[in-house]
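Student:
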Amino acid sequence: MSNFTSVLKQYNWDEQWENIHSKTPLDVARALEAKQPDLEDFTALISPAAQGYLEQMAQKSSTLTKNRFGNTMQMYAPLYLSNECQNICTYCGFSFTNKIPRRTLSDKEILMEAQFLKQKGYQHILLVTGEASQRVGVDYLYNAIALLKPHFANISVEVQPLDQQDYESLISQGLYATLVYQETYHRDTYKTHHPKGKKSNFDYRLQTPDRLARAGIHKIGIGALLGLEDWRVDSFFTALHLNYLQTTYWKTRYSISFPRLRPFSGGIDPKVQMTDADLLQLICAYRIVFEDVELSISTREPAKFRDQLVHLGITSMSAESKTNPGGYVVEPQSLEQFDISDERTTESIAQMLKNSGLEPVWKDWEPLL
Amino acid sequence: MNTKLTIAGKSFHSRLLTGTGKFSSSHMMQQAILASESELVTVALKRVDLENEQHSILQGLTHDHISLLPNTSGVRNAEEAVFAAQMAKEALGTNWVKVEIHPDAKYLLPDPIETLKACEQLVKLGFVVMPYIHADPVLCKRLEDVGAQCVMPLGAPIGTNKGLKTLDFLEIIIQQSKVPVIVDAGIGSPSHACWAMEIGADAVLVNTAIAVSKNPIQMAKAFKMAVEAGAMAYQAKLAQQTDTPQATSPLTQFLYE
Numbered sequence: 000m001s002n003f004t005s006v007l008k009q010y011n012w013d014e015q016w017e018n019i020h021s022k023t024p025l026d027v028a029r030a031l032e033a034k035q036p037d038l039e040d041f042t043a044l045i046s047p048a049a050q051g052y053l054e055q056m057a058q059k060s061s062t063l064t065k066n067r068f069g070n071t072m073q074m075y076a077p078l079y080l081s082n083e084c085q086n087i088c089t090y091c092g093f094s095f096t097n098k099i100p101r102r103t104l105s106d107k108e109i110l111m112e113a114q115f116l117k118q119k120g121y122q123h124i125l126l127v128t129g130e131a132s133q134r135v136g137v138d139y140l141y142n143a144i145a146l147l148k149p150h151f152a153n154i155s156v157e158v159q160p161l162d163q164q165d166y167e168s169l170i171s172q173g174l175y176a177t178l179v180y181q182e183t184y185h186r187d188t189y190k191t192h193h194p195k196g197k198k199s200n201f202d203y204r205l206q207t208p209d210r211l212a213r214a215g216i217h218k219i220g221i222g223a224l225l226g227l228e229d230w231r232v233d234s235f236f237t238a239l240h241l242n243y244l245q246t247t248y249w250k251t252r253y254s255i256s257f258p259r260l261r262p263f264s265g266g267i268d269p270k271v272q273m274t275d276a277d278l279l280q281l282i283c284a285y286r287i288v289f290e291d292v293e294l295s296i297s298t299r300e301p302a303k304f305r306d307q308l309v310h311l312g313i314t315s316m317s318a319e320s321k322t323n324p325g326g327y328v329v330e331p332q333s334l335e336q337f338d339i340s341d342e343r344t345t346e347s348i349a350q351m352l353k354n355s356g357l358e359p360v361w362k363d364w365e366p367l368l
Numbered sequence: 000m001n002t003k004l005t006i007a008g009k010s011f012h013s014r015l016l017t018g019t020g021k022f023s024s025s026h027m028m029q030q031a032i033l034a035s036e037s038e039l040v041t042v043a044l045k046r047v048d049l050e051n052e053q054h055s056i057l058q059g060l061t062h063d064h065i066s067l068l069p070n071t072s073g074v075r076n077a078e079e080a081v082f083a084a085q086m087a088k089e090a091l092g093t094n095w096v097k098v099e100i101h102p103d104a105k106y107l108l109p110d111p112i113e114t115l116k117a118c119e120q121l122v123k124l125g126f127v128v129m130p131y132i133h134a135d136p137v138l139c140k141r142l143e144d145v146g147a148q149c150v151m152p153l154g155a156p157i158g159t160n161k162g163l164k165t166l167d168f169l170e171i172i173i174q175q176s177k178v179p180v181i182v183d184a185g186i187g188s189p190s191h192a193c194w195a196m197e198i199g200a201d202a203v204l205v206n207t208a209i210a211v212s213k214n215p216i217q218m219a220k221a222f223k224m225a226v227e228a229g230a231m232a233y234q235a236k237l238a239q240q241t242d243t244p245q246a247t248s249p250l251t252q253f254l255y256e
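One line per chain: the protein sequences are A and B, in this order. Going by numbering that gives the first Met the number 0, the first sequence opens with residue 0, and the numbers climb by one from there. Going by numbering that gives the first Met the number 0, the second sequence opens with residue 0, and the numbers climb by one from there.
#1: Are the CB atoms of Glu365/A and Lys88/B within a distance shorter than 8 Å?
#2: Can you name the residues that DSSP bridges to Leu204/B?
#3: Just reading off the beta strand (DSSP E) that Trp95/B is part of, what are its end residues?
#4: For Ile65/B, name the three-state secondary structure that DSSP assigns.
#5: Arg252/A lies in the beta strand (DSSP E); which residues open and close that run?
#6: Anything in chain A within Cβ reach of Ala104/B, meaning under 8 Å, just list it in chain order.
#7: Report yes if the C-beta distance between Leu80/A and Ala113/A is below 8 Å; otherwise report no.
#8: Quick one, which residues of the stretch 112-132 of chain A are near chain B if we go by CB-CB under 8 Å, in chain order?
#9: Are Thr128/A and Ser155/A close, meaning C-beta to C-beta below 8 Å?
#10: Can you tell me which of the three DSSP states Thr190/B falls into?
#11: Could you compute how far the alpha carbon of His258/B sits from the alpha carbon of Leu16/B?
#12: Can you tell me whether Tyr175/A is helix, strand or coil according to DSSP?
#13: Just tell me which of Trp194/B, Arg75/B and Gln148/B has its CA closest to the CA of Glu99/B.
#14: Which of the three DSSP states is assigned to Val40/B in this structure?
#15: Taking just the CA atoms, how far does Ala318/A sit from Phe304/A?
#16: Could you tell me the boundaries of the beta strand (DSSP E) in which Ala143/A lies?
#17: Compute the minimum distance between the beta carbon of Leu174/A and the heavy atoms of the ligand NAP, and state whether it is under 7 Å.
#18: Kindly identify the DSSP beta-bridge partner or partners of Arg259/A.
#19: Taking Leu44/A as part of the alpha helix (DSSP H), name the residues at either end of that continuous run.
#20: Compare the Cα-Cα distances from Leu115/B to each of Asp144/B, Gly199/B, Leu108/B and Asn94/B and report the closest residue.
#21: With a threshold of 8 Å between beta-carbons, can Gly69/A be considered close to chain B, or not?
#22: Please state if the CB of Gly158/B and the CB of Cys193/B are separated by a distance shorter than 8 Å.
#23: Could you please tell me which residues of the stretch 16-49 of chain A, in chain order, have their CB closer than 8 Å to any CB of chain B?
#24: Taking DSSP as the reference, what is the three-state secondary structure of Ser5/A?
#25: Under DSSP, the alpha helix (DSSP H) around Val288/A begins and ends at which residues?
#26: Please state the DSSP three-state secondary structure of Thr251/B.
#27: Can you pull the chain A residues whose beta carbon is under 8 Å from the beta carbon of Phe222/B, in chain order?
#28: By Cβ distance below 7 Å, which residues in the same chain neighbour Val232/A in space, the five residues on each side in sequence not counted?
#29: Would you kindly check if the distance between the Cβ of Leu39/B and the Cβ of Pro69/B is under 8 Å?
#30: Against chain A, does Asp183/B count as a neighbour if the rule is that its beta carbon must be under 8 Å from one of theirs?
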């Protein structure tokens, strides 16, 4: 059965870098006018040549988003279940080698955290764990979804990649979406940042969306950890991945996230800095070429920047997030996976959206379906 | 065309159906819907939150003249659509359902096979079914055969505001249909809505064009007027279009005087 590895092998990283950097203002203008923009147009829109077109890109992205998604913003919150992890990831606070207290929430603790998010109004939640198959395997996730299903309309996970039958099992329990970021599409750089643990298997991770789609999941979120490598080339490959998935698994919905490398104690510095203007350019490029895709922004980004992005292409956002298991009520003082930048409360984010002419959407799924 | 729209024995003064998505606030949605004078308003079951009234899309839609029309948006096949209709009946107390099955995530185009299956089952279960479909005349007759109380062919892909791209097929559907034809999806301006009514559609459904407008309340009124104008024009019988000039004072009249 075909998968994305065979597609990726047809491309060369350096050639794509050259292609992106060879784009001219004329290519950008053509991309902005294209009736059905394609991957070459995407390449033009993320190129340095497009920096001078940012205002036009933002205008177009804003109009397209409003038309497709309306004056709304989907709200979600992460619920960290565990920080146990056997992987070494050089950029992550949960990395195996980091000497931090490890915690996996019990049933009672999961429900305590859930209650907090529920009373804040959240109906869409994202369950997050590290990769510790013994303690936090499929059975643990299955149980967590079963516990939470009566309380939330829409449950997604961001956990270790699983086999197709494991996804089928979780979907049957009520799993709606899975987020799995490739981190980088550069094989060698990937190996450098993931030297140990199951995550060091580049292709198993790369083929995760294939397995998810075959298992019949409703939505798949992909992305690259922006800063590990050249963000332009990594974003080209993310778009290539998205394009492959959309045409192969046409019944599945997709979302793109934009995690910029954030500091944590003892972490690494980004190899390539990505400015706010760069990130905005990338968001607009996605919207212009992939009109229907959900674009998500987390609390990693600063408040002021997020307040502007809500009009420029983003369709879902989190608020008041805690990235440590038990962070909401069980053990608020424990160490976070990464530093949160936008620390405003859910209520103040909702008010900001309303003041900006946007309706926060709390429920957009029917769990019994 | 009677002056009222009648579906499954229920009559409506308004021939403009509206949607509830994409508005900037529930207050704005309510005001726009009231301004449209729409009596049949569709709402996605997945947006309904019976537990949390403060966040519910139903807030502000409790008016005697407004009937809610739950839709099955989000389902991917007939089985899920039937289940969603049953849930909607329980939640909203209506056996009316707009069947929307669009597994195509990109263009949200309706699946004709699953839609036909779902409608057949739902009719047997006692539902008033209103299927959202492509402008396919044969499918419309098949839906009529299984008991659909109306058909809702699209003018253009949903949310595109491109107007009546399927015009030739809509005309065939209207000509052949024994049940009301409601043009759904793609209507981007009052002139599109008016045009649909002029060709004989029984009603139109508009959401994006109102909700995303800079002034949804005024746009809702504009659509109301356009739908009324189109329906009146259809009833008054439009003059034929012709490529040859037709003089108001014929030149050969003297021969017969």
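Positions of the beta carbon are idealized from the N, C-alpha and C atoms, including for glycine.
Tutor: Let me spell this out:
#1: For the purposes of this step, residue 88/B is taken as residue 89 along the second sequence, with counting starting at 1. For the purposes of this step, residue 365/A is taken as residue 366 along the first sequence, with counting starting at 1. No.
#2: In the second sequence, the residue the question calls residue 204/B occupies position 205. Leu16/B and Asp183/B.
#3: Looking up residue 95/B in the second sequence gives position 96. Looking at the DSSP string, the run of the beta strand (DSSP E) that includes Trp95/B is Trp95 to Val98.
#4: Taking the second sequence and counting its residues from 1, the one referred to as residue 65/B is at position 66. The three-state secondary structure of Ile65/B, taken from DSSP, is coil.
#5: For the purposes of this step, residue 252/A is taken as the residue at position 253 of the first sequence. Unbroken beta strand (DSSP E) run through Arg252/A: Arg252 to Ser256.
#6: For the purposes of this step, residue 104/B is identified with residue 105 of the second sequence, where counting begins at 1. Those within 8 Å of Ala104/B in chain A are Gln245, Trp249, Lys250, Thr251, Arg252, Tyr253 and Asp291.
#7: Taking the first residue of the first sequence as position 1, residue 80/A is located at position 81. Taking the first residue of the first sequence as position 1, residue 113/A is located at position 114. Not a contact, by the Cβ cut-off of 8 Å.
#8: Gly120 and Gln122
#9: Taking the first sequence and counting its residues from 1, the one referred to as residue 128/A is at position 129. Taking the first sequence and counting its residues from 1, the one referred to as residue 155/A is at position 156. No; because the gap between Cβ atoms is not below 8 Å, this pair is not in contact.
#10: The sequence position of residue 190/B within the second sequence is 191, counting from 1. The amino acid at residue 190/B is misidentified as Thr; the sequence shows Ser. Helix at Ser190/B.
#11: With chain B covering only 0 through 256, there is no way to say anything about residue 258/B.
#12: Within the first sequence, the letter at position 176 stands for residue 175/A. If DSSP states are grouped into helix, strand and coil, Tyr175/A belongs with the strands.
#13: What you label residue 99/B is simply residue 100 of the second sequence in a count that begins at 1. Among Trp194/B, Arg75/B and Gln148/B, the Cα nearest to that of Glu99/B is on Arg75/B.
#14: Against the second sequence, residue 40/B aligns to sequence position 41. Note: Val40/B maps to strand in three-state DSSP.
#15: Numbered from 1 along the first sequence, position 305 holds the residue referred to as residue 304/A. Numbered from 1 along the first sequence, position 319 holds the residue referred to as residue 318/A. Rounded to the nearest angstrom, the two C-alpha atoms are 14 Å apart.
#16: Along the first sequence, read from residue 1 onward, the residue named residue 143/A stands at position 144. Run containing Ala143/A: none in the beta strand (DSSP E); it sits in the alpha helix (DSSP H), Val137 to Leu147.
#17: Inclusion of the ligand NAP in the displayed structure is not the case, the ligand content being empty and no account of it being possible.
#18: Along the first sequence, one-based indexing puts residue 259/A at 260. Residue pairing of Arg259/A in beta bridges, as defined by DSSP: Leu225/A.
#19: To locate residue 44/A, count along the first sequence from 1; it is residue 45. Start and end: Leu38 to Leu44.
#20: By one-based count along the second sequence, residue 115/B stands at place 116. For the residues Asp144/B, Gly199/B, Leu108/B and Asn94/B, the minimum Cα distance to Leu115/B belongs to Asp144/B.
#21: By 1-based counting over the first sequence, the position of residue 69/A is 70. Judged by the 8 Å Cβ criterion, Gly69/A is in contact with chain B.
#22: Against the second sequence, residue 193/B aligns to sequence position 194. Against the second sequence, residue 158/B aligns to sequence position 159. Inclusion of Cys193/B and Gly158/B in the CB contact set at 8 Å is not warranted, their separation being larger than that value.
#23: none
#24: Residue numbering aside, residue 5/A sits at position 6 when the first sequence is read from its first letter. If DSSP states are grouped into helix, strand and coil, Ser5/A belongs with the helices.
#25: On the first sequence, residue 288/A is found 289 positions in, with the first residue counted as 1. Start and end: Asp275 to Val288.
#26: If you number the second sequence from 1, residue 251/B lands on position 252. Here Thr251/B sits in coil by DSSP.
#27: The residue labelled residue 222/B in the question sits at position 223 within the second sequence. None at all; the shortest Cβ gap to chain A is about 17 Å.
#28: Along the first sequence, read from residue 1 onward, the residue named residue 232/A stands at position 233. Taken in chain order, the residues that qualify are Trp12, Gln15, Trp16 and Ile19.
#29: Taking the second sequence and counting its residues from 1, the one referred to as residue 69/B is at position 70. Taking the second sequence and counting its residues from 1, the one referred to as residue 39/B is at position 40. Result no, Cβ atoms of Pro69/B and Leu39/B do not sit closer than 8 Å.
#30: Your numbering for residue 183/B matches position 184 in the second sequence. Not one chain A Cβ lies under 8 Å of Asp183/B.
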